[in-house]
Structures are given as C-alpha cells and as structure tokens.
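Going down the list, the sequences are from chains P and F. For what it's worth, the working numbering labels the leading residue of the first sequence as 1, then goes sequentially. For what it's worth, the working numbering labels the leading residue of the second sequence as 659, then goes sequentially. Structure first, commentary second.
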Amino acid sequence: MNALLNVDKLVTAFGRGDDALRVVDGISFHVAAGETYALLGESGCGKSMTALSLMRLLPDGGHIASGSVQLDGQDVLALPEFDMRGVRGGGMAMIFQEPMLALNPVIKVGTQIAEALELHQHLTGQAAWDAARALLDSVGVPDAERRLDSYPFELSGGLRQRVMIAMALAGKPKLLIADEPTTALDVTIQAQVLEVLRQLRTEQQMGMLLITHDLGVVAENADRVGVMYAGELVEEGARDAFFAAPKHPYSRMLFEALPRPGDGGRLTTIPGQVPGFDNELQGCRFAPRCPYAIARCQSESPDWQELNGQRVRCHLAAELPVRIERELTAHAKSTQSEEPLLQVDGLKVHFPVRRGFFQRTVGYVRAVDEVSLSIQAGRTLALVGESGCGKTTVGKALLRLIEPTAGTVSLGGETIHVNNAATLRRQAQMVFQDPFSSLNPRMRVADILLEGMDALCVGAAKDRHEVMTQLLRQVGLPEDAGGRYPHAFSGGQRQRIAIARALAVSPQLVICDEPTSALDVSVQAQILNLLKDLQDSLGLAYLFITHNLAVVDYLAHDVAVMYLGRIVEQGAAADVLSSPRHPYTQALVSAVPRIEAQTGQRIIRLAGDQPSPLNPPQGCHFHPRCSHASEACRQTFPDPTLLDNGHWVRCHWVAAQS
Amino acid sequence: MNSAWSSFDFVLLWTDALIFALVAGVLVLVFFIRRQEHLRAPWRAVAQRPMAIGAALVLSVFVVIGLLDSLHYREKMPDSPADAPHYSVDVLSVFDALVGDLRTQQEKTYSEPMAMQLYAKEFVQRDGVAVREYPRLKFGGSHLRHASEREPDITRRSLIGLAQGLAVSLLLFGLLAAWQARRAQNSFGEWFMLWGEGRLDWPGRTVAVIVMLLLMMGGLLIHLAAAYHVFGTDKVGQDVLYISLKSIRTGLVIGTLTTLVTLPLAIGLGIAAGYFRGWIDDVIQYVYTVLNSIPGVLLIAAAVLIVQVYVESNPDLFDTAARRADIRLLALCLIMGVTSWTGLARLLRGESLKLRTLDYVEAARAFGVSHSRIISRHIFPNVFHLVLIAIVLDFSGLVLAEAVLSYVGVGVDPSMHSWGNMINGSRLELAREPVVWWQLGAAFTFMFTLVLAANLFADGVRDAFDPRQGGRR
C-alpha cells in the first residue's frame, strides 16, 4: 500500500549529547489517504511532540535527532524552511486542543480563514471570502455568511473548533493532524465536531492523524490505532482487532482502568505513573508498572512481534493470560428511607449584572435557579451537566463560598444560616477539580492538612499530628509526605492530598467538583477507587459534580441532570442512564463515545449550543435545541413528572406521553 | 581607654538609626529565607549567575562605604574642660576618619585631576614682584620639586598600588583555595583545575576576577589619593573623590529608606484591594489614582519646603548642620515613598485578584479560616517574589530620582554631599571656559557604576524568580 505519511524511526530530543531527553524515541508508523490513524496514550507520552515533529514546529530546545518523515513521497525533514511553509497547511494541517488560544482574538474569523486561503490557494478579495464561506458551510457552521464577520470571542467553543478546522482545510491538506481536538469541549459538542471530521475525511480522502487519550473517541473514529508509552509506540493494529483483544499489558490496563456502565467492582489501576524522560530508561519502559514483568523485561527492550495482524512490543505478548472480564458486582445498596443528610430546597444563585456609570443592576445571571436536592448518609448523588450549566456554583453555594440568593440548605436536620456556618464547615467539605491550583505551592503538606483542623478547632492540638499521619495513610500516601511541598507530587498524589485535606475535619458530606477530570485514565481509576473505599469505611456522602457519565455510572447511586441552572431529570443512576427520559439527557447519554461495539443507538445531535444564562429562553430552557418542542414548551417551564422509583423529569413531552 | 572614649560624642542621626534598623531587618529576612526552601532556591540560582554575583560584589563595596559613613560622632574640642566637655560642631563619620586627610586637604579653588597646580592663573608675589602664573597646590603634588617629576611619580605610585592590590588578591585567593580544597577534601591542584574550568558550583572565576579588579582599583586609589586629588577639586577646593564617596551614603539612603516607606503601603493596600474587593478596593484605587495624577515633583517640592520652614523655625531641635540636612533627607525619603508605592500596589492588587479565586484559597475559606490568616499564609507568600523583584528594580530608579530632584533644587540639603548636588553645581562649571568637567564626570562615573550594578543584580534576581525561565541561565 502506498502510504500518504510514512514516519520511520523518528527520534525527537531536547538538549544534546548525553543529557538529551528523547521525548519521541524511534517511532515508526504510516497513514494512508482516507484513513484515520489514532495515537493513543496518557499525558506525557510524547503524542503531541510527535505531531509537532511532523510539522517541524518543535518548541525551543527540541530538535529531530534522527529518522525520516515522508509525506506523499517527499522527505519533509530534508526540506529547507522556506519550502516547509508550503507543506504546513498545504501538505499537512493541524488542529489544536484549545480553539480559543489558536485563533487570534482581534481579527475577524473570515479574515483569518481568507489569510490561509490567500497563502495556499492564492485567492484574494471576494473570491477568498466566498471560498471561506464555502469552507465554513462544509464544516457545518450554521449561518456561515454572518459568522465570517464575527470575532472569535463571539463564537462558542464548538463553533471556534469548527472555524479552526475550516482554516486547516483552507490549504486542501492531504493530511490533517488533530491534537486532542475535542478534549476541551462538552460531549454534545464533541459529537458534533467528530461528526464533521468523519465526513470531511470521506469526502476529501484526507489522511488523519488523531491524537487523543480518550478510548471512546478512538473507538468511534479511528481505522488503525497506535498506543504510545513513554516516547515509544508499544502496540499497533486495526481498530476492531485492537478493541477486541489488546495485546500489550499497558493497553489492556488502560481498558480495565476505564469505568464502564453497570460496573460496581473495583477498577484496575496501573500503579505508579508515566516515567519522566530524565530517568534512565532501560529495558521495557512499562516494566516498572507491569504486573506481568519478568527479569528479561528489566534489561532488554522488546522488539516488534506480530500477533494475528497486530503488532506489539512485549516479550510476553503471546503468553499473557486471556483478559479477565471484571466481575460486575452490584452496588451495595444502603438501606433507604433514612433521614436525608443534606436537604436543599429552592436554591437560587443569581449574579447581578451591572452597567453604566452608577453601576445599576440591569439583570441577573441565573446561574442556579430553584434547585432542590437531597442526599442520604453514605450515598452518592451525581450532578451532571455540560460546562456552564451551574453545577459548580451549586457546590460552592452549598458551602457558602458563594452566597446563595434564596433557598434553604439543611445539613443533618439543621438549617444552615450565616450564624451556624461553623457547623456546616465541619460537616461538609469540598474537593476541587484542578489538583495543581487547589494546593498552596508555598505550604508544606502537613500545614495544608492541619489548616482546617486549626481553623475549626478539631481535636486537641497535641493529637493533630497523629491524626495527620493517619490521614496520609488513609489516602495512600507515604508518611513522610507531610514534610514536603506539593510540587514534589504528581497530579494523582496531589488529588489524594486534597482529599485528605477535606477529610481532616471528618465531614459527613464531601462535595467533589470534577475531581478526576484533570487526571489520566489510570490515575482516575486510582482516585475513584479511593473515593469508593473511603465511602465504605467512613460512611461518607458525596455530591459528585461531573460531566463524565462513565464516572457517574461507576460511582453514583443517584443522578441529577442539570441544564442551564435547573435540574431537568433526577433518579437512580441505573434508571437515568439506561433509560433517560428527558430529551436533553437522551442526547447527553447518546453523545458519549463508547468503546463497546455500537448497539445501533443513534447519536442524537443537538442543534446549536447552550444559551447564555443571562438571557435564558422562555418556558423550558431546552426548547430551542429540542426536537420534540411544542407550543407549551415555549410558554411555561414544565412541572416535575413523577415516573417510577423516585425518577422524575421536567418535560412537557414526557408528561404528555405518560 | 576611658579618656579616649570620652573624647567622642556619638551622634545618631535619624537616617543612621533607620539604616541600622534596615540592616537588622535584612538579616532577619535572610534568616527567614534560609529556612524557606521555595525562597532559598531562587537566591541560590542568583548566586550561580556570574553577572549577578559580580554586580553584587560591586554593590557590596558601595554598601560597606555607605555603612561606614553612617556611624557618626563629634570630636571633643581640645581646650574644653573635662567635666563639661564641648564638642565640635562638625559631625564626622567613621568613613571620614578612615580616609584621613582627604577631607581636610582643601585647596583654594578648582584644580584638574592629578594636578599639582590650580586650574586658573593668579597673581602671586614672587621675590616682591607680582607674577601671574598657575600657583602650586597646597597638598596636591606638594612633595614634588618640579613639574617634570609628576608623571614618573604618578606611574610609580600607580604601579605600587596595582601591585599591592594584586598581591592582596592573590593572597586571598590562595587562602580561599586552601579552605575550599580542604572542605571538599580535594588536593589543591584538583580544586584549581575545577576552578579554571568553571566547574565549581558557584561562579568562581567571576568572583576571583571581580575581587581582584576591585582590590587593584582600591590599591591604586589609596596610593594616588595620598599625594594627589584623583578627581580634582571643586570650586571651594574640596577633593571631588571625597565628595563622590560621601555621596554614596546619600544615594543608598534614598534608595533603601524610600523602599522601606513604600513597602508597607504597597503590600498592605495592594493586597487588601485585591483580596477584599468591593468598597475597600474602590477606596484604595481612588487614592492611588488621585496620587498618580498629581505630578510627583510638585508634591515633593511642597513637602521639602514645609520641612525646611519647620527646621528653620525650630533651630533648638536641630543643633548641628548635619542634623538639619539629615531631617531634610529623611523627609525626602518619606515623601518619595508616599508617592511611589502605587506601581507595586497595583501589581499586587492584580496578583491578589487572581490568587483569591484559586482553589486553595476557596478551600481555606471552606474551612472558615480567617481573612488575616488567609492573607498571611496563602496570599502574601505567593506574591512575595514580586515584592523582592520590585525592591531591587526600584532601587536604581530612586537613586536616579534623587539626582534629578537635587538638580531641580528640591532634593537634599545643598550642604549635603550628593551626586545630584554635584551635577547641579557643574551646571555653571560646564559654561566656563575652559570647561570644568571632572565634577560631573566623577558624579556620572559613580552613579553609573552603582545603578548599573543594581540593575544587573536586579536582572539576575528577576530571572531567578521567573518561573518561565526555569533552570536556564
């Protein structure tokens, strides 16, 4: 087969001589025209560096040490820089992860696309403008004519990413490199963007190099898959074969670390983390984390071997035991009918919008509008929704980090108001999303853990040190961790510290705000296991705020789905996720890329984006994007319709059906 | 001993007290920084930059001179009774005592650098006849019998000075090498190899070269200044080298004490504005916007004039000229501090605005930690690097500001030695024919050296604290 892109033993290094860090270490692969090749791996594996090496856009200090890259028979690495500019955009084009950072905020979208057209197709003036509109049309931007005249900040994330794709297409590239194109987007938008990419590939017979860490995205889009680990490719094969039977222990463990529907057991975790490139790398790079490793793995780097059409670099690939399906244990259902630990009624958080010289209030951003929740002790309620729907605000308002506008919150039967906030602080704590910004870099871990105890006067001062050591053990950190600063820890370990900090005042409720979304899959599994263990041993209740439905499935007993500040559907996790009733929940559930073979379920494409909470639509907030919307939906906000088993929905359409 | 002791009256000027308080403060800060790993590491990085460490050595020479010049005393009058001693009205400093005759060897008027005659012809009585010629100086080159001896004498003295400086520096280097080699348990030769190849963990070659140059320069100056006026003399015949050296203290006082006034205002108000927001932020912003919109020179002029009037109407409070000049210097520092805190405050406000939304501050609030504790444990340590950078960067700006203000006439007291006053004086000298250039030249050289050293040091500090620079150097 004549490959479009041929990469042979590419080595990219930072620094020279003995100290060089080989971030990409001898990888070879090829991409055919019309084919999608997915590079899969955790962060720090060298995926993005591979892409930048292909484009010859390495950051300062990086250089390609050896190897060859051939695009359509042309040696890219041998080209002078002047000709390389024609290749970038013309031969291969790249889409980046963060569309806001990749577009110039002060230039109109149309001008930016026209600039690329002028460079590569020598179109100017009206011709370029028309071509730009045609490009926007082809990537599915509604109302393309008007969008050409907007600035990037006027567009939503999904539209911006599509503009980026349109710009990348302006040079009619033969190869499109997509570096985590949807990681920064919500699932419903992600589905739209991936759909566009799939269509373009078939229409224009482009080759596509898709770089991602998301197995689901790979399963739905790739033809062939290459798994990267610590700068090396460790496995390569066709998608179906790969997903049916991954051969390398690393790929297998990636699968097992993924929470899946109906799964109540413990997740398999990969101990440790991706090795840094400054370490001495000898033998198989995965050996230190591999449960099957034998002595030979430590000393000898494995060669490629072929197994049923899949190529894998592992000494043991042929002998590994057959994959064990994780046993599915049902949730240990704690007895219900207890008094709720947390009861929230009619919670509202409105931010005033002030304008003009006298700062008059001209309106309100209704971030949270009439939210009611309840959680029993020892149970987990997941609050699900896309970014901007107000779920984090709910969490912060419960802890009074943001002062709620209205509504009552009662914890353990006691209504919380300003005067007894201390009670609240002792009983409810929060774990934040980003483990890097949630720990003060200037404080030692011990001081971080003691801060809450000191402030709330928990326990006697002399016992606190003892308590701290116990906490560190509880979250699986070494006991000497207390004396170190946060920068000495990896992301997963930092999140453990953050959990330990929340537990320091022995709360009954922990609000987890996307605690795993900044972490890699294998580390996410560690944290989810830890949270589950802590719930079992301490009887904690969790309010789990997330956009990741797979995690919800794994951890939560109940689910509440939020859209634009309101809860639209709530019920037991199994019921809501397996048979969603609200059109929005249905779209959300169907948009999640799944690694299992498709069950014929069609992705429900939502039109447009989530509207601004400053000016929400009349009636049901969802009606402009809903395919079932009727006149009633435009007029009035629906009342809850109770279905079986405590499952309720706010939807006129469902109400009319039942 | 007792009698020798009582022949002095120690004088503690306001600025002296503040300078020594500042030195104590810096020592406490050093002690604090040594214990904090995250603060110590960047300073260690500063010490590894050749440019920064070289600049620091030059700065330290200035600082030592400034500190010696801040230990003031008055001598007892020789004929005063023992039980009720009278002291001289001249306030001297340890530095004056060390430089010895440099202060007292006063000529009649201008003389060129290294000259043995005055700069202008005068009528001199010689053998009963009035002759118009260049009169010999009283001190400069007075040991010479004839003008032709001057150049060989200067060369000889220069060479002796340089040689002595070199000898002392070689001796010091030998001692250092022996000590270092012993500590690392290397042989002397091995250490020397490491040093020569620049593979020590500190920039050994730079330090050695800079110290050697400084010592040689010192030797040169000592030997030349003993017999000549190295930078010439000014209008009233005072040695310009002496004036320039005395000006160092003025420059340092302005640079450091002003910062001392600035810091509490900038840190307190800046962090308060950013952290509390709301009306507190509004008030603080209005204050510094108003302050920024009044020209600084206007405020400074007004304040200095007020102090001057106060001093003149209360002569009993300020018994010596030095005290009067000193209080004016202090007032200048105060008012410059009050007008220059806004830049840093604005910077800190912006940083605090960012920090207060970070999750670790939210987490602390979730524990009900008090505001003062959040500021002291979470906000302040995370803006401290900005404060350090601002101090070092502002210093050179303030030294230059003093020169400008004295030139305009609202700076330090005219009787006080300062580079600004020297430049002010040379305004007329430059209009003379032939031009008197050395006073301006000397002030320029000293100020340039100090400000350049401070700026290079500041660059090093800023790079070391900049996380984006990483380990690059």
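For every residue, glycine included, the Cβ atom is placed at its ideal position computed from N, Cα and C.
Helix, strand or coil at residue i [DSSP, three-state]
{"i": "F:V757", "result": "helix"}
{"i": "P:T12", "result": "strand"}
{"i": "P:Y485", "result": "coil"}
{"i": "F:Y777", "result": "coil"}
{"i": "F:D811", "result": "helix"}
{"i": "F:V752", "result": "helix"}
{"i": "F:V787", "result": "strand"}
{"i": "F:S1076", "result": "coil"}
{"i": "P:R496", "result": "helix"}
{"i": "P:L233", "result": "strand"}
{"i": "P:T641", "result": "strand"}
{"i": "P:I595", "result": "coil"}
Buried versus exposed call for residue i [16 or more other C-beta atoms within 10 Å across all chains shown]
{"i": "F:S845", "result": "exposed"}
{"i": "P:T202", "result": "exposed"}
{"i": "F:W1096", "result": "buried"}
{"i": "P:E236", "result": "buried"}
{"i": "F:P700", "result": "buried"}
{"i": "P:H248", "result": "buried"}
{"i": "F:L760", "result": "buried"}
{"i": "P:T659", "result": "This structure gives no information on residue 659 of chain P, because the portion of chain P shown stretches from 1 to 658."}
{"i": "P:G482", "result": "buried"}
According to DSSP, residues forming a beta bridge with residue i
{"i": "P:L39", "result": "P:I211 and P:G226"}
{"i": "F:M870", "result": "In DSSP, F:M870 forms no bridge with anything."}
{"i": "P:S374", "result": "P:Q343"}
{"i": "P:Q305", "result": "P:V312"}
{"i": "P:L543", "result": "P:L381 and P:I511"}
{"i": "P:P678", "result": "With chain P represented from 1 up to 658, any question about residue 678 of chain P goes unanswered, as that position is not in the structure."}
{"i": "P:N6", "result": "P:H30 and P:Q70"}
{"i": "F:A842", "result": "Looking at the DSSP assignment, F:A842 forms no beta bridge with any residue, so it has no partner."}
{"i": "P:I95", "result": "P:A178"}
{"i": "F:F668", "result": "F:Y731"}
{"i": "P:A238", "result": "P:R224"}
{"i": "F:R1014", "result": "Paired residue(s): none; F:R1014 is not in a bridge."}
{"i": "P:L411", "result": "P:L342 and P:E414"}
{"i": "F:Y745", "result": "F:K734"}
{"i": "P:M430", "result": "P:I511"}
{"i": "P:Q570", "result": "P:A560 and P:W648"}
Limits of the alpha helix (DSSP H) - the one that residue i falls within
{"i": "P:E631", "result": "E631 to Q635"}
{"i": "F:A989", "result": "A979 to T997"}
{"i": "F:L687", "result": "W672 to R693"}
{"i": "P:S299", "result": "A295 to S299"}
{"i": "P:L52", "result": "K47 to M55"}
{"i": "F:P1039", "result": "F1038 to V1066"}
{"i": "P:A131", "result": "G125 to S138"}
Span of the beta strand (DSSP E) around residue i
{"i": "F:Q764", "result": "Note, F:Q764: premise wrong, no beta strand (DSSP E); not H, not E."}
{"i": "P:T659", "result": "Chain P is shown from 1 up to 658; residue 659 of chain P falls before or after that span and cannot be answered."}
{"i": "P:E451", "result": "Element bounds for P:E451: not the beta strand (DSSP E) but the alpha helix (DSSP H), V445 to L456."}
{"i": "P:S66", "result": "G62 to L71"}
{"i": "P:M562", "result": "D558 to Y563"}
**Message:** Using 8 Å as the cut-off, can you tell me whether the stretch 720 to 737 of chain F makes contact with the stretch 849 to 869 of chain F, which would need three or more C-beta pairs spanning the two stretches below that distance?
**Reply:** no
Please determine if the stretch 181 to 201 of chain P and the stretch 108 to 125 of chain P are in contact, where contact requires at least 3 C-beta pairs separated by less than 8 Å. no
Counting beta carbon pairs with one atom in the stretch 389 to 407 of chain P and one in the stretch 445 to 455 of chain P, are three or more of them shorter than 8 Å? no
| query | Hey, is the stretch 728 to 743 of chain F in contact with the stretch 884 to 893 of chain F, meaning 3+ C-beta pairs nearer than 8 Å? | reply | no
For the structure I just gave you, are there three or more beta carbon pairs, one from the stretch 981 to 993 of chain F and one from the stretch 1086 to 1104 of chain F, closer than 8 Å? no
> With contact counted as at least three CB pairs below 8 Å, one residue from each stretch, are the stretch 406 to 420 of chain P and the stretch 612 to 619 of chain P in contact?
Replying inline: no
Between the stretch 311 to 321 of chain P and the stretch 283 to 295 of chain P, do at least 3 Cβ pairs fall closer than 8 Å? yes
Check whether the stretch 540 to 556 of chain P and the stretch 134 to 154 of chain P touch, using three or more Cβ-Cβ pairs below 8 Å as the test. no
- Message: Does the contact criterion of 3 or more C-beta pairs under 8 Å hold for the stretch 336 to 353 of chain P versus the stretch 396 to 411 of chain P?
- Response: yes
Whether or not the stretch 206 to 225 of chain P and the stretch 27 to 34 of chain P are in contact is what I'm after, with contact meaning three or more pairs of Cβ atoms, one per stretch, closer than 8 Å; do they touch? yes
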